[in-house]
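Residue numbers (the working numbering): 2 to 79.
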């Protein structure tokens with residue numbers, strides 16, 4: 002379900018480097034900065050980063066169902 006919401010918001014899945022936690026990484030390039038979302042497998046939480054792909058800053062970590070927080074993902078003016 003979250004995968005479809007991210008796709009509708011303009012994100013696409015990218016191959017991410019090996020990490021200690023298995024999951025999927027989605028990115029949406031923006032005018033000023035990119036937004037990256039990491040969705041760990043078997044977890045209800047997500048991590049949202051803003052900035053460059055490699056040096057993004059963590060802007061949200063928590064439950065995916067927190068729709069009020071995830072509205073940041075659909076802001077296409079970044």
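Glycine residues also receive a C-beta, built at the ideal position from the N, C-alpha and C atoms. Quick caveat, the model's predicted, so the values are computed rather than measured.
In the DSSP assignment, the beta strand (DSSP E) including residue i goes from what residue to what residue?
i: residue 51; result: 46 to 52
i: residue 14; result: 13 to 15
Buried or exposed: where does residue i fall if 16 or more other Cβ atoms within 10 Å of its Cβ makes it buried?
i: residue 48; result: buried
i: residue 28; result: buried
i: residue 68; result: Reliability fails at residue 68, whose pLDDT of 44 lies under 50, so the model's placement of it is uncertain and no value is given.
Can you name the start and end residues of the alpha helix (DSSP H) that residue i belongs to?
i: residue 8; result: 3 to 9
Starting from the C-beta of residue i, find all residues in its chain whose C-beta is less than 8 Å away, skip the five residues before and the five after it, and write them out in chain order.
i: residue 59; result: 48, 49 and 50
i: residue 44; result: 24
Name the DSSP beta bridge partners of residue i, please?
i: residue 41; result: 24
i: residue 61; result: 49
Please go through the same chain and pick out, in chain order, the residues whose beta-carbon is closer than 6 Å to the beta-carbon of residue i, but skip the five residues on each side of it.
i: residue 11; result: 29
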